[in-house]
Amino acid sequence: VFTYGPLAFLQHTPYYSFGQSVLATIYQPVVVAALFLGIATVLRQRCTRMTSLMGAFATTGVVAILHTGHGLLIPGLEYPELAILAAFVWAAAPLLQEHPKRTTVFATCTVLAAVAGLELLVKLNVGVTILVIALTVSVLLEWRDVGRHCATVAVFAASTLIWWVLAGQRLGNLPAWLKSSASLVAGYSDAMAYPLFAFAGIAAPAMVLILVWLAMLGLMFFKGGAQTPRRFVLFVGIVTLIIGKKEFVRLDLANFYDLLALVVLALVIAPLSSIPKIPRRAFVVFVVAIVLAGLGAESSWLRTAGTAADDPIAAAVQAPGQAIERLITLAVPGRVDQRIERAKTHQRALYAIPDRFIKTIGSATVHIDPNETSVAWAYNFAWRPVPVFQTYAAYTPTLDALNSRSFETGPQFVLSRLSANSPATDIDGRLAVQESPRYSRALLCDYTVNGVEGRWALFAHAAPRCGPLTELSQVTVHGNDTITVPAPRGPDKAILARIDMEPTVIDRLFRGTIVPLTLSTVVLDGVTYRLVAANAAEAFLVDTPASVDGTNLQIHARTIGVGRAPSLGQGDPGARLHFYEMSVAP
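The sequence shown begins at 34 in the numbering used here and counts up by one.
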């Protein structure tokens, strides 16, 4: 799945198969133990053994609570993100020593690089972040030691290759996975960033937190000495900027807690004696207040919403008992199979796919559109997904084209969960046919509607049935201009539109590159949708034949315009619209 690799299953607690459950049960406590032991190791440099263990236990508990629930009502710890913090604290150990041994530094960097290779195949950005941490330590402790830097990179590469093969993947597929992953990462900021004003309740404390924290780091840097080495402060600042960048691209509760957990961890392991007593105590009180206020507000909201069972504090407290129950489940013969079957039964009741569709699909290959992939598992379908099988994640023309090409030779069916809106919308109020324009066009052209029932539509693979695009007209649009969409010249015609944006410098910088403050929009029949700007130059459906009515492809727009939200004082956005017509055989 590109940013998630072939070992992504290690982070999940649900039971999908016996092997997956066993490996996940090994991986998850190892991550938590690594964090705990790393904190204890750093604290032992200046505290007694008992104090170090108690401090490590308490800090691990707080960090675990901040990483439980993802802020999205999803149960379980964010284990890959905890792995970053574990790497951070182990990397800090030699940085806090006055004269660390060369062998210790070499071992720290290479072990972290080996872990980075594993984590790369769990979650791409986590592996890259841990590699950056390892290289940062190596450079800060002696930038001229080129041999150690090269060894760190070599160990990372070797670890990636070894884990890739152990995961059952072919070596020849690794370059393609890395290339597609890079494409997804390149498009993430623009496609997934959301203006800070949309998260006003989180943005204000987050901005205050990071500004005050950077000020504290600056104070520590200028007053640093033997107890608080400047290289350690610089290292903390670099990791803060890495996690902070991720936070501010999409500032939700989960990302805010990631940054808050880093600050808590750094406060615990950093010697703060170089900072004057009053600002030091004031900042500690400030961080504690944010932690308590954030968790308290979330718990209150969850209780009000009737989902108190998802409270991260309660979930963290229950985690040890659940771990014991999980071990018992794995040890008792047949119990895992029972849990899996119960979960599948629950999912089938939730999805309620019509029996006619299930019989029609049978043992044939099927892709689940747009993102309910667990359908394939719950119904034991022969799953043959498009490469980016959660279509909202095809952020770039390269990924969209990759998906569309996969429809040329299969799968035999596409099972589509219908949107509650018409035309269909996806995450963040995107227009479904625009976020993946070539994919949507391929679905229209290479498949026919087999049936629409309940919340599902079934498409069957067919011979190509679309003609070439014929350009109808071009028009320049500014701001609030409303352009009439050309009417199709027959019932078997589709109308498509292509938008050549004219972004300003502010658009390019503040749609996510630096800080997300604005986003591009497209307006159809007076309704505003988020525009995936990278894919806007590809023709997308704006009027479809009646043969796809009732599906997510249905759209009958009469007017179109472009916009920007908010404008940031830039004036009206500009674009060039191109309209096309395409024949679609019955």
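Quick reminder that beta carbons are idealized off the backbone N, C-alpha and C, glycines included. Note that the structure is predicted; figures quoted are calculated from it, not measured.
Here alanine 411 is actually not in contact with glutamine 445; their C-beta atoms are around 19 Å apart, not less than 8 Å.
The C-beta separation of serine 216 from leucine 432 comes to about 6 Å, placing the pair in contact by the 8 Å criterion. Its chain contains Val548 as the residues whose beta carbon lies nearer than 6 Å to that of phenylalanine 281, once the 5 sequence neighbours on both sides are disregarded; these appear in chain order. Here the alpha carbon of serine 469 sits roughly 29 Å from the alpha carbon of phenylalanine 289.
Look at the region 410-458 and you find these whole runs of alpha helix (DSSP H), each 4 residues long or longer: 430-439. Taking the Cα positions, alanine 97 is about 43 Å away from glutamine 603.
In the three-state reduction of the DSSP assignment, glycine 523 falls in the coil class, being assigned neither a helical nor a strand state. For glutamine 587, the number of other beta carbons within 10 angstroms of its own is at least 16, and it is reported as buried. Contact check between the region 194-206 and the region 164-178: fewer than three CB pairs, one atom from each, fall below 8 Å, which does not count as touching.
Between valine 399 and alanine 409, the C-beta spacing is below 8 Å. Rounded to the nearest angstrom, the gap between the Cα atoms of serine 50 and isoleucine 373 is 7 Å. Taking a C-beta distance under 8 Å as the contact criterion, threonine 551 and aspartate 533 do not qualify as a contact pair. Looking at the DSSP output, aspartate 402 sits in a beta bridge with Ser449.
Burial check for proline 366: the Cβ neighbour count within 10 Å stays below 16, so the residue is exposed. Per DSSP, reduced to three states, the secondary structure at tryptophan 489 is strand. Taking C-beta atoms as the reference points, aspartate 479 and alanine 495 count as a pair closer than 8 Å. Distance from the CA atom of glycine 354 to the CA atom of histidine 100, rounded to whole angstroms, is 18 Å. A Cβ-Cβ separation of about 19 Å leaves leucine 464 out of contact with leucine 502 under the 8 Å criterion.
Just so you know, the alpha carbons of alanine 191 and alanine 434 end up roughly 31 Å apart. Taken in chain order, the complete beta strand (DSSP E) segments of 3 or more residues contained in the region 492-516 are 503-511. Counting along the chain, alanine 191 sits inside the alpha helix (DSSP H) bounded by residues 179-199.
In the DSSP assignment, phenylalanine 573 forms a beta bridge with Ala530. Sequence-distant partners of lysine 156 (beyond 5 residues in either direction) whose C-beta falls short of 8 Å from its own C-beta, in its chain, are Thr36, Tyr37, Gly38, Ala41, Gln44 and Pro113. Setting aside the 5 residues that flank it on each side, glycine 583 is surrounded in the same chain by Val485, each with a C-beta closer than 6 Å to its C-beta; the list follows chain order.
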